[in-house]
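Data first, discussion second: the structure below is written as structure tokens.
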Amino acid sequence: MSTFSLPALSEFADLVRQLAIYGEVVAAAPHGSGHINDTFAVTVSQAGTPVRYLLQRINHRIFTDVPALMDNIVRVTAHQQARLSVSGTSDASRRALSVIPARDGRPYVRDEQGAWWRAYLFIERALTYDRIESTVQARTAAQAFGEFQRLLADLPGARLHETIPSFHDTPRRYATFEAAAQADIAGRAAACADDLAFARSRAPLARKLTDLLAAGLVPERVTHNDTKLNNVMLDNVTGEGVCVIDLDTIMPGLSLYDFGDMVRSATNAAAEDERDLSLVTARPAIFAALAEGFLTGAGPSLNDVERAHLVAAGEVMTYEVGLRFLTDHLQGDTYFKIKRPNHNLDRARNQFALLRSLESQAGAFARIVDAACAALKPSPVLA
Ligand code: ADP
Ligand code: GN1
Ligand code: MG
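Quick note on numbering: the sequence shown equals residues 851 to 1233 in the working numbering.
Here is the structure:
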């Protein structure tokens, strides 16, 4: 289980001294609800004005090559900034993450314990939501992720580093799950036999997207790969999708991974770890808003096979994350942060309940996608 320690203010001051940040650290507090990194809002007094920065202790157990990870992030954010500046955007530093370099020019610093840290400008007057509350939020967030993907289509330079190899290789995730169930190192398999049986019953689903890639039917693109809806910041006043964040997993991937994870994280009527499974259902209105938003943002670049698999993508990604939570439970909770016993098992059950709900509505969701695609076509009058 990952341990979390809140550094003393003096430790933040040591970090800030290594960064291109001026002023005195006056406050620091844990921030956000991500499952992977340790995130802090650090307030620095700059000639009397308090300014917040976002500091993150990068999870080095998961991201083993931090320089490669940060190289991806610097390239992607520089490309975003360049494109925003060409379009004359007046608030570019709110629309894309700005990495604050260390004084030695590197995009990260190390603390005395050897941990790796990075800093971003803090995006003010915007929030992330663990549970999407309205179709407006779903549409705007999905559009932001869609535009993000479209914008990265012409990222110059070499192929991005794979920060977590085989991240969305669902058949491989399934094999890891089976191995964990067989090894049963934490002695938990017997107590979740029904969950293992459900996971096994859906094994054919694992291949659905990777087979499309292998057959050359869908292209590899630069994708975000962690499009959980709390990885996009929404403006506090307008509700607009302001900035796509959490760029650790940007790497070559499928557009369907990104749409699928939005479906997984946003359609759920309940929180990702809700134990009352009667509350877990996939909301059709939110699904429709995601399809409209994503197609508007990324739309023209998606091919017909991608469009035809948007519903399947939601099922595969929900299954994949369910498998990952169950695997982590079986392995003794070594990957995702947990806050209570059986937290990962609760999350896995929740994802499997959501998968059932998605499956039972697949026909209706396919009609929603068809309608959203039709609405995208230029009207005959304008064509
Ligand atoms: P994790 O990988 O652990 O999910 P994230 O990068 O998503 O970490 O950050 C965790 C939370 O911190 C986000 O959900 C968001 O609320 C907040 N956050 C991240 N980056 C910024 C930023 N630049 N400005 C303001 N808040 C941010
Ligand atoms: C993690 O970092 P965060 O909390 O946005 C995970 C995603 C999972 C998600 C499930 C690098 O996302 O892949 O879908 O939890 N990120 C990584 O909530 O493994
Ligand atoms: Mg996150």
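Just so you know, even glycine gets a beta-carbon here, dropped at the ideal spot from N, CA and C.
Would a C-beta distance cut-off of 8 Å place residue i and residue j closer than the cut-off?
| i | j | result |
| --- | --- | --- |
| Q868 | A952 | yes |
| A1116 | I1136 | yes |
| G1110 | A1163 | yes |
| D1045 | F1186 | no |
| F890 | P900 | no |
| L1104 | I982 | no |
| I923 | I886 | no |
| V1049 | L1204 | Here residue 1049 turns out to be Ala, not Val, going by the sequence shown. Contact flag unset, no. |
| L1145 | R1199 | no |
| V1113 | L1140 | yes |
| Q993 | G1091 | yes |
| L1001 | Q930 | yes |
| V1087 | R1174 | no |
| V1068 | N1153 | yes |
| R1023 | E1170 | yes |
| Y958 | L904 | no |
| R925 | G1007 | yes |
| E1165 | E1122 | no |
| A1222 | A1138 | yes |
| L1195 | C1042 | yes |
| G1039 | A1031 | Reading the sequence as shown, one finds Ala at residue 1039 and not Gly. Taking 8 Å as the Cβ cut-off, A1039 and A1031 qualify as a contacting pair. |
Quick check on the burial criterion: 16 or more other C-beta atoms within 10 angstroms. Buried or exposed for residue i?
| i | result |
| --- | --- |
| E997 | buried |
| I1035 | exposed |
| Y872 | exposed |
| A1033 | exposed |
| L977 | exposed |
| D1098 | buried |
| S1016 | exposed |
| G955 | exposed |
| R1217 | exposed |
| S948 | buried |
| L1059 | buried |
| S907 | Position check: residue 907 holds Arg in this sequence, whereas Ser was assumed. Buried. |
| P1054 | exposed |
| T1020 | buried |
| T1168 | buried |
| R945 | buried |
| E1156 | buried |
| R1197 | buried |
| P1191 | exposed |
| D1061 | exposed |
| G1143 | buried |
| L1236 | No statement about residue 1236 is possible, as the shown extent of the chain runs from 851 to 1233 and does not include it. |
| D980 | exposed |
Whose C-beta lies closer than 8 Å to the C-beta of residue i among residues of the same chain, with five residues either side of it excluded?
| i | result |
| --- | --- |
| S940 | none |
| A897 | G873 |
| E1012 | M1101, P1102 |
| A1003 | R1071, V1072, S1151 |
| R960 | W966, W967 |
| D999 | The question names Asp, but residue 999 is Gln in the sequence shown. The answer, listed in chain order, is R1071, V1072, T1073, H1074, S1105, D1108, G1147, A1148, S1151. |
| F862 | V875, A878, F890, V892, L905 |
According to DSSP, residue i sits in a beta bridge with which residue or residues?
| i | result |
| --- | --- |
| A976 | D1085 |
| Y970 | L904, V949 |
| S984 | None; S984 has no bridge partner. |
| V1072 | P1102 |
| R1197 | According to DSSP, R1197 bridges with nothing at all. |
| L869 | A952 |
| A879 | A891 |
| T1117 | Answer by DSSP bridge pairing: none, since T1117 is not bridged. |
| E874 | S895 |
| A1132 | N1118 |
| C1093 | M1083 |
| R960 | W966 |
Please list, in chain order, all residues of the same chain as residue i whose beta carbon is under 6 Å from its beta carbon, the five residues on each side excluded.
| i | result |
| --- | --- |
| V876 | T893, S895 |
| R902 | A891, T893, F972 |
| V866 | V875 |
| H1074 | I1100, D1108 |
| G1037 | none |
| R1133 | T1117, A1119 |
| S855 | none |
| L1226 | L1145, G1149 |
| S1207 | T1131, A1132 |
| G882 | T889 |
| F1215 | F1137, V1161 |
Taking only beta-carbon atoms, is residue i less than 8 Å away from chain B?
| i | result |
| --- | --- |
| P1069 | The chain inventory of the structure shown lacks chain B, comprising one protein chain alone. |
Leaving out five residues on either side along the sequence, give the residues of the same chain with a beta carbon under 7 Å from the beta carbon of residue i.
| i | result |
| --- | --- |
| A942 | Q931, L934, S935 |
| F1027 | A1049, L1173, L1176, T1177 |
| S1229 | Here the model assigns S1229 a pLDDT of 45, short of 50, so the residue's position is not dependable, and the following value carries that caveat. Same-chain partners within the cutoff: there are none. |
Inset, instruction - Go through the residues and name those whose CB comes closer than 5 Å to any heavy atom of ligand 5, in chain order. - result: Ligands in the displayed structure: ligand 1, ligand 2 and ligand 3; ligand 5 is not one of them.
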